[in-house]
Structures are given as structure tokens and as C-alpha cells.
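**Q** In our numbering, the protein residues as written are 138 to 347. Quick reminder that beta carbons are idealized off the backbone N, C-alpha and C, glycines included.
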């Protein structure tokens with residue numbers, strides 16, 4: 138039991154590690170810092186790396202890591218990356234230095250504006266699909282429920298249930314009609330947003346559209 142518990146603890150620790158034993162042994166702290174910075178990890182991540190590598194008897198080089206991390210920040214904080222993060226609805230990191238944060242944030246907001254417009258359409262379409270599934274389930278319930286086959290004392294309750302089910306189907310149909318009208322409106326707004334965002338992105342983001 139003690140050995141099993143130790144193995145489980147080792148697995149749990151491995152699952153929480155910031156870096157693997159192999160990465161610690163490789164000792165390429167510049168490359169590790171560059172990789173972390175390029176995806177938006179903060180420089181303080183080195184603290185966890187030092188703890189993880191310390192368990193394997195390896196001491197990282199914080200200066201080399203930080204030098205690589207600064208290179209990674211230059212990759213992460215480009216306007217193009219900010220735009221792509223926003224367009225995908227990804228939360229941005231706050232690691233960008235003052236010299237880069239303005240263009241990065243502006244491009245991020247452009248991309249996020251596009252993601253928000255698309256997300257509104259997708260949310261409405263998802264609601265329509267949910268209501269259509271609900272209608273199918275309720276229809277199945279109506280088709281498979283025969284109140285004449287239940288005990289006399291339960292028939293009133295059965296009939297009330299069927300009536301509520303019919304009402305729910307009717308309500309869902311009306312809501313679907315309204316949603317489809319709203320979807321058409323949002324799709325038109327999305328098209329206008331795409332045109333405006335693409336034009337502005339082409340103006341302010343180096344390399345956009347190439």
C-alpha cells in the first residue's frame with residue numbers, strides 16, 4: 138500500500154510540473170524562456186521551473202531563461218498575434234512592455250470585436266438547435282403517452298401533462314421563429330463588422346492579409 142501511495146504521489150506531482158525532467162536535463166534555458174514568453178507566460182514562471190528542476194537535482198539559469206523570455210515577448214506582443222488571440226476569443230496575457238502594449242491591445246480588440254459578432258450568431262443558432270431537440274423529445278412524449286391506458290384516477294394528471302407538453306411545443310416554435318429573425322439581423326451585422334474590421338486590420342497590422 139505504501140508503494141502504491143508513493144507511485145500515485147509521484148504521478149500527481151508529475152501532472153503538476155511546469156517542466157519535465159527531460160527539459161531540466163536538457164538545460165536550454167534560453168529556448169525554454171523564449172517558448173514561455175511567446176505564448177504569454179509571465180517571467181515569474183521561472184520560480185516554478187526552479188522548483189521542478191530542483192526535485193531532480195538541477196539548478197536552472199534564471200538569467201538565461203529571462204533573456205529567452207524577453208525574446209519570446211517580442212513574438213507574443215506583435216499586433217498580428219494580438220489580433221489572432223482576440224479573433225479566437227482567447228484571454229490575452231498582460232506581459233507586453235509599454236513600447237508594444239498599445240498596438241498589441243488595439244489589434245486584440247479588433248479581433249475580439251469580430252469574435253464577439255460571430256459568437257452572438259453562434260449562441261442564437263445553438264439556442265435554436267436546443268429548442269428543436271426539445272420539440273423532438275416532447276413530440277416523442279406525446280406520441281408514446283396514452284392517457285386512456287392509465288388508471289382512471291391518474292387520467293386527469295396525464296391529460297394535464299399532455300396539455301403542458303403541447304403548450305411547451307407551441308412556445309418553442311414561437312421562440313424559434315423569433316430567433317431565426319434575430320439570427321438574420323445578427324448575420325447582417327456580422328458581415329458589416331467583418332468588412333470594417335478587415336479594413337482597419339489591414340491599415341494597422343503589419344503583414345495582415347498577406
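1. Secondary structure at residue 171, three-state DSSP: helix, strand or coil?
2. Exposed or buried, which one is residue 293 when buried takes at least 16 other CB atoms within 10 Å?
3. For residue 193, which of 199, 212, 220 and 163 has the nearest alpha-carbon?
4. Quick one: is residue 332 buried, meaning 16 or more other Cβ sit within 10 Å of its Cβ, or exposed?
5. Residue 245 by DSSP, collapsed to three states: which one?
6. Just to check, is the beta-carbon of residue 207 closer than 8 Å to a non-hydrogen atom of the ligand GDP?
7. Taking buried to mean at least 16 other C-beta atoms within 10 Å of its own C-beta, is residue 289 buried or exposed?
8. Use the C-beta contact count for residue 234: other C-beta atoms within 10 angstroms, 16 or more gives buried, fewer gives exposed.
9. Taking only the alpha-carbon atoms, compute the straight-line gap between residue 199 and residue 183 and give it to the nearest angstrom.
10. Taking three-plus beta-carbon pairs below 8 Å as touching, is the segment 241-251 in contact with the segment 208-226?
11. Near residue 242, which residues of its chain fall below 7 Å by C-beta distance, leaving aside the five closest residues on each side in sequence?
12. Express the C-alpha separation of residue 313 and residue 265 in angstroms, rounding to a whole number.
13. Helix or strand or just coil, what does DSSP make of residue 254?
14. Kindly indicate which residue of 227, 232 and 188 has the alpha-carbon position closest to the one of residue 206.
15. How close, in whole Å, do the beta carbons of residue 238 and residue 213 come, if the pair is a contact with beta carbons under 8 Å?
16. Taking the alpha-carbon of residue 268 as reference, which of 321, 329 and 311 has the nearest alpha-carbon?
**A** Working from what's here:
1. Residue mapping note: residue 171 aligns to position 34 of the chain shown, counting from 1. When DSSP states are grouped into helix, strand and coil, residue 171 belongs to the helix group.
2. Stepping through the chain shown from its first residue, residue 293 is reached at position 156. Counting Cβ neighbours within 10 Å, residue 293 comes out exposed, since fewer than 16 surround it.
3. Along the chain shown, read from residue 1 onward, the residue named residue 193 stands at position 56. Relative to residue 193, the option among 199, 212, 220 and 163 whose CA is nearest is 163.
4. Numbered from its first residue, the chain shown carries residue 332 at position 195. Note on residue 332: under 16 other CB atoms within 10 angstroms of its CB, so exposed under the neighbour-count rule.
5. Position 108 of the chain shown, counted from the first residue, corresponds to residue 245. Helix.
6. The ligand GDP is not part of the structure shown, which contains no ligands of any sort.
7. Stepping through the chain shown from its first residue, residue 289 is reached at position 152. Per the 10 Å Cβ criterion, exposed.
8. As a first step, residue 234 is located in the chain shown; it is residue number 97 there, counting from the start. Of the residues assessed, residue 234 falls on the exposed side of the cut-off, its CB having fewer than 16 other CB atoms within 10 angstroms.
9. Stepping through the chain shown from its first residue, residue 199 is reached at position 62. Stepping through the chain shown from its first residue, residue 183 is reached at position 46. Distance between the alpha carbons of residue 199 and residue 183: 7 Å.
10. Yes, since at least three Cβ pairs between the segment 241-251 and the segment 208-226 fall closer than 8 Å, the two stretches touch.
11. On the chain shown, position 105 is the one that residue 242 refers to. Around residue 242, the same chain offers 219 as residues with beta carbons nearer than 7 Å, after the five sequence neighbours per side are excluded.
12. Stepping through the chain shown from its first residue, residue 265 is reached at position 128. Stepping through the chain shown from its first residue, residue 313 is reached at position 176. Those two C-alpha atoms are separated by around 6 Å.
13. Numbered from its first residue, the chain shown carries residue 254 at position 117. DSSP places residue 254 in helix when its eight states are reduced to three.
14. Indexing the chain shown from 1 puts residue 206 at position 69. The residue with the shortest Cα to Cα distance from residue 206 is 232.
15. Numbered from 1 along the chain shown, position 101 holds the residue referred to as residue 238. Numbered from 1 along the chain shown, position 76 holds the residue referred to as residue 213. In this structure residue 238 is not in contact with residue 213, their Cβ atoms being roughly 11 Å apart against a cut-off of 8 Å.
16. Counting from one through the chain shown, the residue named residue 268 turns up at place 131. Of 321, 329 and 311, the residue nearest in Cα terms is 311.
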